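Taking it in order: structure first as structure tokens, then the write-up.
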Amino acid sequence: MSTETTIAPIKVREPREPLFSTRNKKLINDPLNNSNPITVQVLGICSALAVTVQMKPSIVMALSVMVVTAFSNLVISAIRNIIPDRIRIIVQLTIVAALVILVDQVLKAFVYDVSKQLSVFVGLIITNCIVMGRLEAFAMGNKPWPSFLDGIGNGLGYGLILVLVSAVREFFGSGKLMGFQLVPDAFYKMGYFNNGFVILPPMALILVGIIIWIQRSRNPKLIEPN
Amino acid sequence: MEHVNIFIKAVFIENMIFAYFLGMCSYLAISKTVKNAVGLGSAVIFVLAVSVPVCYLMENYLLKAGALSWLSKDYANLDLSFLSFIMYIAVIAAITQLVEMAVEKFAPALYMALGIFLPLIAVNCSILGGALFMQEREYASLGEATVFGLGSGVGWFIAIVAISAIREKIRYSNVPGPLRGLGIAFILTGLMGIAFMSFMGIKI
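Chains as they are written, first to last, in our numbering: chain A, 1 to 226; chain B, 1001 to 1204.
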């Protein structure tokens, strides 16, 4: 998968800054490949599939999830030592919900049509398992800066799958990418048809299944025992 | 009659899993055996059937534009609907906690059977999704909202029990290595979703 291009800008700044040490870079790199939140950790599948009919909403969705994951990781990690253990879920949910309300209001203000298209799925970022999963698994036991990077990395990994699936679905389903028509009209005149099947919701699941198949055959370590 | 329509629509046509993919995380994680799937499915039915009507009441008497006018005329033009996410998730977390305590007290056997799944329901997207769909579709009465919650829960139950039965059987099949487990579960859910799409033609 073409992961290298997405993380190139960070590598450039890396050498002199201890903020991006090898360990911290790994936090961003790993979720893009071997510990991808969707295909390996099985987190955040709910929203990943419903918004991927077109590329634009899925990119907006991926960015929103990345922002929420990164900042909730940062906040929770900063106050992790003063959260009473028994009520931590409620504290986490409250902070995540507040961040999601912010994101929702920003989307409504600047990209209203996309926000209408995403409908309830923006709200569902609150219960997105990526956010809760990373809070529990990483932010509760690590310092704020690595937690922030971990949130960015997992948001990127989630976005990568979303963009892949939505690109396939939009290209084969309506002959477009990002709303621009790619399949020339001449093709349609010769009898080419858009594949309406790809737009149907179940196809997203099958596409993710195929992505998992490709990823695991490239990396046999991930294969589950029967 | 309207109630029956809403119920059938929620169970089959707008099935939480096959039409909206809500609650997929626990659906994939807990569907390895039928026994666990039945336990989690019943808990989800219960929580959905309780939390959707409660959220309906909150929406109509607290959050919606003009909903506070029963309190005093001064509040008639208040619109608190931007707070709905935080209110709904608080309600759902509280109800899950209540349900957990009630089940522990009155049905200890069931509590033991459900185990960890009960608290997990608070972060199951299908519950918050049910509440948000209820808000978006503006059901006319409390009864309709309750039936919608119950129907969504039953639809989720059917989906998770069906996939767990298939996954129990498929363990004995010769699935290609890289597809084993998660991959084949995704593809199976996709195929089941296609089957469920045949209900879409029904107009009620």
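We put the beta carbon where it would ideally sit given N, CA and C, even for glycine. Values in this document were obtained by computation on a predicted structure and should not be read as measured data.
How long is the line joining the alpha carbons of A/P84 and B/K1105, rounded to whole angstroms? As a working mapping, residue 84 of chain A is identified with position 84 in the first sequence. As a working mapping, residue 1105 of chain B is identified with position 105 in the second sequence. Distance between the alpha carbons of A/P84 and B/K1105: 25 Å.
Reference A/A204, options A/T52, A/A78, A/T22, closest by Cα: For the purposes of this step, residue 204 of chain A is taken as residue 204 along the first sequence, with counting starting at 1. With distances taken between Cα atoms, A/A204 lies closest to A/T52.
Have a look at A/A70 and B/A1049 and give me their C-alpha separation to the nearest angstrom. Here residue 70 of chain A refers to the residue found at position 70 when the first sequence is read from its first residue. Here residue 1049 of chain B refers to the residue found at position 49 when the second sequence is read from its first residue. C-alpha separation (whole angstroms): 33 Å.
Which one of B/K1064, B/M1087, B/W1070 has the shortest CA to CA distance from B/L1080? Counting from 1 along the second sequence, the entry for residue 1080 of chain B is found at position 80. Among B/K1064, B/M1087, B/W1070, the Cα nearest to that of B/L1080 is on B/K1064.
Counterpart residues of A/K176 in DSSP-defined beta bridges: In the first sequence, the residue the question calls residue 176 of chain A occupies position 176. Paired residues: A/Q181.
Any idea if B/R1167 is buried or exposed, counting beta-carbon neighbours within 10 angstroms, 16 or more meaning buried? Start at 1 with the first residue of the second sequence, and residue 1167 of chain B comes out as number 167. B/R1167 comes out buried.
Within the chosen definition, does the stretch 127 to 140 of chain A reach the stretch 54 to 74 of chain A through at least 3 CB pairs nearer than 8 Å? yes
With C-beta atoms as the reference, is B/I1008 less than 8 Å away from B/E1144? Within the second sequence, the letter at position 8 stands for residue 1008 of chain B. Within the second sequence, the letter at position 144 stands for residue 1144 of chain B. No. Outside cutoff.
Just to confirm, is the Cβ distance from A/L49 to B/F1046 under 8 Å? Locating residue 49 of chain A in the first sequence gives position 49, counting from the first residue. Locating residue 1046 of chain B in the second sequence gives position 46, counting from the first residue. Their beta carbons are not under 8 Å apart, which means A/L49 does not touch B/F1046 by this criterion.
Rounded straight-line distance, which links the Cα of B/W1156 to that of B/M1024: Here residue 1024 of chain B corresponds to residue number 24 of the second sequence, with the count starting at 1. Here residue 1156 of chain B corresponds to residue number 156 of the second sequence, with the count starting at 1. Going by the C-alpha atoms only, they are around 10 Å apart.
Contact defined as beta carbons within less than 8 Å: I believe B/A1093 pairs with A/I90. What is the distance between those atoms, to the nearest angstrom? Numbered from 1 along the second sequence, position 93 holds the residue referred to as residue 1093 of chain B. Numbered from 1 along the first sequence, position 90 holds the residue referred to as residue 90 of chain A. Indeed, because the Cβ distance is near 6 Å, the residues count as touching under 8 Å.
Beta-carbon contacts of B/L1150 that lie in its chain and below 6 Å, excluding the five residues immediately before and after: Position 150 of the second sequence, counted from the start, is the residue given in the question as residue 1150 of chain B. Around B/L1150: A1049.
Just the Cα atoms here: how many angstroms apart are B/G1190 and B/M1197? What you label residue 1190 of chain B is simply residue 190 of the second sequence in a count that begins at 1. What you label residue 1197 of chain B is simply residue 197 of the second sequence in a count that begins at 1. Between B/G1190 and B/M1197, the C-alpha separation is close to 11 Å.
Please tell me whether B/A1049 has its Cβ less than 8 Å away from any Cβ of chain A. As a first step, residue 1049 of chain B must be located in the second sequence, where it is residue number 49. With 8 Å as the cut-off, B/A1049 does not count as an interface residue toward chain A.
What residues in its chain sit with their C-beta under 7 Å from that of B/R1134, if we drop five residues either side in the sequence? Looking up residue 1134 of chain B in the second sequence gives position 134. One point to set straight first is that residue 1134 of chain B is Met, not Arg, in the sequence displayed. Contacts found: V1052, C1055, Y1056, A1145, F1148.
The stretch 1126 to 1145 of chain B: which residues have C-beta closer than 7 Å to a C-beta of chain A, in chain order? L1128, G1129, L1132, F1133, E1136
Residues in its own chain within less than 8 Å of A/G153 by CB, not counting five upstream and five downstream? Position 153 of the first sequence holds residue 153 of chain A. L27, I28, N29, D30, P31, L32, listed in sequence order.
Quick one: Cα of A/A97 to Cα of B/F1186, how far? Counting from one through the first sequence, the residue named residue 97 of chain A turns up at place 97. Counting from one through the second sequence, the residue named residue 1186 of chain B turns up at place 186. Answer to the nearest angstrom: the Cα atoms are 29 Å apart.
Spatially closest choice to A/V163 from A/Y192, A/F193, A/V208, by CA coordinates: Reading the first sequence from its first residue, position 163 is the one you call residue 163 of chain A. Ranking the options by Cα distance to A/V163, first place goes to A/V208.
Among A/I214, A/G173, A/K25, A/N36, which residue has its Cα nearest to the Cα of B/I1184? For this step, residue 1184 of chain B is matched to residue 184 along the second sequence. Of the listed residues, the one whose Cα sits closest to B/I1184 is A/I214.
Would A/V120 count as contacting chain B if we go by Cβ distances under 8 Å? For this step, residue 120 of chain A is matched to residue 120 along the first sequence. It does; some Cβ of chain B falls within 8 Å.
Using Cβ-Cβ distances below 8 Å, what residues of the stretch 101 to 118 of chain A are close to chain E? Any reference to chain E falls outside this structure, whose protein chains are A and B.
Grouping DSSP H, G and I as helix and E and B as strand, with all else coil, what is A/I130? Residue numbering aside, residue 130 of chain A sits at position 130 when the first sequence is read from its first letter. Of the three classes helix, strand and coil, the one that applies to A/I130 here is helix, per DSSP.
Would a check of beta-carbon distances place B/C1055 closer than 8 Å to chain A? Start at 1 with the first residue of the second sequence, and residue 1055 of chain B comes out as number 55. With 8 Å as the cut-off, B/C1055 does not count as an interface residue toward chain A.
Quick one: what does DSSP say B/Y1075 is sitting in, helix, strand or coil? Looking up residue 1075 of chain B in the second sequence gives position 75. In the structure shown, B/Y1075 adopts helical secondary structure according to DSSP, grouped into three states.
Buried or exposed by the 16-neighbour rule on C-beta atoms within 10 Å, applied to A/Q54: Looking up residue 54 of chain A in the first sequence gives position 54. Burial call: buried.
According to DSSP, is B/K1009 helix, strand or coil? Translated into positions along the second sequence, residue 1009 of chain B becomes position 9. Three-state result, B/K1009: helix.
B/Y1139 (DSSP reduced to helix, strand or coil): What you label residue 1139 of chain B is simply residue 139 of the second sequence in a count that begins at 1. In the structure shown, B/Y1139 sits in coil (DSSP, three-state: anything other than H, G, I, E or B).
Would a C-beta distance cut-off of 8 Å place A/K176 and A/L182 closer than the cut-off? The residue you call residue 176 of chain A lines up with position 176 of the first sequence. The residue you call residue 182 of chain A lines up with position 182 of the first sequence. In this structure, the beta-carbon distance from A/K176 to A/L182 falls below 8 Å.
From the beta carbon of A/M1, is the nearest beta carbon of chain B less than 8 Å away? As a working note, residue 1 of chain A is residue 1 in the first sequence. With a pLDDT of only 42 at A/M1, under the threshold of 50, the placement of this residue in the model should not be trusted, and no figure is reported.
Quick one: is A/P184 buried, meaning 16 or more other Cβ sit within 10 Å of its Cβ, or exposed? If you number the first sequence from 1, residue 184 of chain A lands on position 184. A/P184 comes out exposed.
Closest to A/M178 by C-alpha separation, out of A/V42, A/N36, A/L43, A/K56, would be which residue? To locate residue 178 of chain A, count along the first sequence from 1; it is residue 178. When each option's Cα is compared against that of A/M178, the closest is A/K56.
Starting from A/L118, trace the alpha helix (DSSP H) in both directions and tell me its first and last residue. Residue 118 of chain A sits at position 118 when you count from the first residue of the first sequence. Here the alpha helix (DSSP H) through A/L118 covers 112 to 118.
Beta-carbon of A/K132 versus every beta-carbon of chain B: anything under 8 Å? What you label residue 132 of chain A is simply residue 132 of the first sequence in a count that begins at 1. The sequence as given places Met at residue 132 of chain A; Lys does not occur at that position. Judged by the 8 Å Cβ criterion, A/M132 is in contact with chain B.
Please confirm whether A/L99 and A/S47 have their CB atoms less than 8 Å apart. Indexing the first sequence from 1 puts residue 99 of chain A at position 99. Indexing the first sequence from 1 puts residue 47 of chain A at position 47. No, they are not a contact pair.
Going by alpha carbons, who is nearest to B/N1124 out of A/K221, A/L43, A/I199, A/S166? In the second sequence, residue 1124 of chain B corresponds to position 124, counting from 1. For B/N1124, the nearest C-alpha among the options comes from A/L43.
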